[in-house]
Each structure stands twice: as structure tokens, then as C-alpha cells.
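Novice:
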């Protein structure tokens, strides 16, 4: 995110001596400068000043990742995945956001996982790509080498590749931490069409820099009551010959990872809340790109928020039927009134998978039923990919097996397990 920040104790000139306070006439020891940069020194970067040499490790062991294997969507069919069925109360008590993720969908560009967690995660670094973690419910503190965030319902947490961090859920028996994890094999950023050539969000963008929350820092081990000299394990996800080309390693550091006394630059984690997204509407139905919030290589992230809908006197608020010629469309239904979607079985916590090569759209009766509607009160996060997605073990575990037949007129609840059709919905 090309929006310059300077935090903590940094020298006036980069790549020059920066020392700890001295003792009398003796100069203090040098801090260790680390450049964290993208695209081989040719794109956004930040400089971090460490107390310890950031390359130091004293051990490396294998991290056995959760199942990362995928299964082709064959025969080709739309699907309905019930994410809320992936974790029961007993498993939530043992789960953390990092090691407990269950893979729902994935391809060579992006992996979508889900975790419902009550445990603190280990220190973690994704060495493959940026992460966008959407907080569906609950709250957490996210501690990073850049500083900390308090996050809660509706927050997108954007974490650049190789950022060491951990998730600390806020205990709440009624509302556990539910996270929808989008892991890229690339970087994740605002759409290019919303940015100036220098990286500023433009006037027609649906959000601006004021809506972004930067990390509070610097954050040092002693600030959170932990020892700077504590030996620490950091879990690293990286490329390898495992399923999906992803493997894991645990590096043991002889010190605590929170040792950055200051940093500056344009590369750092940040948080954006979906409630700060200003929907773009029109007299007639607007296409999905107006809902885009972020993009990565070969995929985009959109969000559908409560909004006024089409106001042409002959407008049809629900979408026209459409074929995903170049992409798979993955809609995660977060909130709102889905009573009008009864024909599909979709509800809060559902994912619909509409694969490329299949035309999809409103349920039978939804088009007529939407006429005259002035507002949609719903919240959904959509990922469109430009290469086919395959099903992870989590997706296979919660596929309802009936969604593909939900457009068939005359189906009853007793026929092939498909519920009766009908209802309106914004997209999909």
C-alpha cells in the first residue's frame, strides 16, 4: 500500500548508522536494518530496525500443514458449501487461526480457508504471498513486527508476504473468532483503476486512505510482558513439493520476534472495515466490478454491502443470468436477510461456487419478486478467480450436494434433496 508511514525510532538517513543509546563516551551497538521489499527492490518497501540480526535461527524443523490437497470440480457443477458446519464447539476450543485453517478452495494463484478459533496462534510468516483475512465474527488482537491491531467483525486484515505476526482471539463464549482466509501467491492491493500513477486512492474510489488503519507501534516484547530474550518458534508457509506446492517449516529464533524499534516505508499490514466501503449504484443493474475492494494476481476480491438498488422505473434489481466465461465466482454470505434466497438453501456462513462454463443467476421467481425493491440489506465477500478452483478437504466436507438442482422448476424438498426454488439475491 503506497502510503508512506514512519513509526518509532529511525535514523534521519536510510542505510546509515543507527545505534542504541551509548554508555558514557562509548557508542551504543548498531541496530540491524532490514529492507522488506517487493519485486526485487523495484516496488514498495519498508526499512525495519531490529535489535537482533533478523537472519538468526538456531533450529529448523518441519511444520506438517493441514491437508492442502485439492480435488477437481468434476463433473462440473455449481456448489453450496456450509462453512459453519466445519467446526464444532469442541474443535473451536483447540483451534487457532494459523494452524487450524481448513482449506475450502484453491488453485495455483489463491487458496481460500476457514477457521473458527479460540486459541492464540503461533508466530507465523507466509513466505508465499500476501494474506487477506476477513473477520466474519468475533474479535482478536493481531500482533506484528510493525505493530498491533485490534480487529473485529467486518475487518479485512491485509498482511504482506513474510510479515511475522500472530492472532490472539478475544475470549467470547457467544461469538467465537470466525475468519475467512484468502492466501495469495502474489500481492494483494487496491484495484489499479482506483489509484493514481503514484498510488493515491482517487476520487471515484469507494474508499480512501482515511478508512485504512495502520498498525500501532513500535511493539516490543517487553511492551506485552514477554522477555526480549525468549526463544521463539516461527511457523513459515513456503513453496515446496507438498500438495498444492505448499509446505511448512518452523524456525526457532534465540530471541523474541518483537524487536523492531522503528520502521518507515510504504509496505506494512493494514486494516479496512467493510462498513467503510461506499457502494457504487446506478439507475440500472451495476456489474460486479463496481463492488471490487482488492485484487491479486489472477483474482479479485469484491464485497456486496447494504445499499440502495437500481432506480430506473423499469429496473430489475437482481442480476441478469450470466456465464463466467473467464472466471470462477465464489460468494461468501456473511450477513443480511436471505429469506428471499430460500430456493437455493443459501444462508449466513454459506459459500456458493459458480464455476466457469456454467450460466447462473437468480433462483426461479426471483426476478419478478425483486421488482420494486429499493434496497438490499445484505453483506457478502466474493472472490473471482481467472483459473479454475478445486475443492479442498474443507469444501468437500460441507458440500450440500443439492445446490446444482436449485434452479430446476417443480423440484420439491423430497426430490434429490433440493429445496423448493424462489427468492431474490444481489449477485450470483
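In UniProt numbering, the protein residues as written are 1 to 428. The C-beta atom is built at its ideal place from N, Cα and C for all residues, glycine as well. Quantities reported herein were computed from a predicted structural model and do not represent experimental measurements.
Round the Cβ separation of residue 330 and residue 346 to the nearest angstrom and send it over; I've been treating them as touching at under 8 Å.
Specialist: Incorrect: roughly 13 Å between the Cβ atoms, too far for contact.
Novice: What does DSSP give as the partner residues of residue 105 in its beta bridges?
Specialist: Residue 105 is bridged to 112, 391.
Novice: CA-CA distance, residue 57 and residue 254?
Specialist: In a straight line, the C-alpha of residue 57 is about 7 Å away from that of residue 254.
Novice: On the DSSP letters alone, give me the boundaries of the alpha helix (DSSP H) that residue 129 sits inside.
Specialist: That residue, residue 129, is in no alpha helix (DSSP H); it is neither H nor E in DSSP.
Novice: Leaving out the 5 sequence neighbours to the left and right, which residues in its chain are closer than 8 Å to residue 261 when beta-carbon positions are compared?
Specialist: 8, 9, 31, 49, 50, 51, 218, 220.
Novice: Under 8 Å: do the stretch 77 to 97 and the stretch 199 to 211 share three or more Cβ pairs, one atom per stretch?
Specialist: The stretch 77 to 97, when compared against the stretch 199 to 211, does not touch it at the 8 Å Cβ threshold.
Novice: Buried or exposed for residue 15, please, with buried defined as at least 16 other CB atoms from any protein chain shown within 10 angstroms of its CB.
Specialist: It counts as exposed.
Novice: Return the Cβ separation of residue 295 and residue 189 in integer angstroms, given the expectation that the two are a contact with Cβ distance under 8 Å.
Specialist: 7 Å between Cβ atoms; contact.
Novice: With the cut-off set at 8 Å, would you say residue 183 and residue 100 are in Cβ contact?
Specialist: The answer is no: Cβ separation not under 8 Å.
Novice: Residue 369 lies in the alpha helix (DSSP H); which residues open and close that run?
Specialist: Where residue 369 is concerned, the enclosing alpha helix (DSSP H) stretches over 366 to 370.
Novice: Based on the DSSP secondary-structure assignment, which residues constitute the bridge partners of residue 151?
Specialist: Looking at the DSSP assignment, residue 151 forms a beta bridge with 140.
Novice: Confirm, please, whether the CB-CB distance from residue 270 to residue 212 is below 8 Å.
Specialist: Yes; because the gap between Cβ atoms is below 8 Å, this pair is in contact.
Novice: Under the rule that 16 or more other beta-carbon atoms within 10 Å means buried, what is residue 93, buried or exposed?
Specialist: That one is exposed.
Novice: Applying the criterion that 16 or more other CB atoms from any shown protein chain within 10 Å of the CB defines a buried residue, is residue 320 buried or exposed?
Specialist: Under this definition residue 320 is an exposed residue.
Novice: Do you know offhand how far residue 333's Cα is from residue 349's?
Specialist: If you take the alpha carbons of residue 333 and residue 349, they lie about 6 Å apart.
Novice: By Cβ distance below 8 Å, which residues in the same chain neighbour residue 376 in space, the five residues on each side in sequence not counted?
Specialist: Within the same chain, residue 376 has close Cβ partners 304, 306, 307, 309, 317, 336, 426.
Novice: Which one of 175, 268, 256 has the shortest CA to CA distance from residue 159?
Specialist: Ranking 175, 268, 256 by Cα distance to residue 159 puts 268 first.
Novice: Measuring only the C-alpha atoms, how far is residue 47 from residue 37?
Specialist: Rounded to whole angstroms, residue 47 to residue 37 spans 8 Å at the Cα level.
Novice: Helix, strand or coil, according to DSSP, for residue 220 in the structure here?
Specialist: Reduced to three states, the DSSP call for residue 220 is coil.
Novice: Quick check on the DSSP output: the alpha helix (DSSP H) that includes residue 90 runs from which residue to which?
Specialist: Residue 90 -> alpha helix (DSSP H) spans 89 to 94.
Novice: DSSP on residue 16, reduced to helix/strand/coil?
Specialist: Three-state DSSP puts residue 16 in coil, outside helix and strand.
Novice: On the three-state DSSP scale, how would you describe residue 265?
Specialist: Residue 265 falls in the strand class under three-state DSSP.
Novice: DSSP three-state label for residue 305, please.
Specialist: Residue 305: coil per DSSP, three-state reduction.
Novice: Taking only three categories from DSSP, how would you classify residue 311?
Specialist: Three-state DSSP puts residue 311 in coil, outside helix and strand.
Novice: Hey, would you say residue 117 sits closer than 8 Å to residue 95, going by beta carbons?
Specialist: Yes, the Cβ-Cβ distance between residue 117 and residue 95 is below 8 Å.
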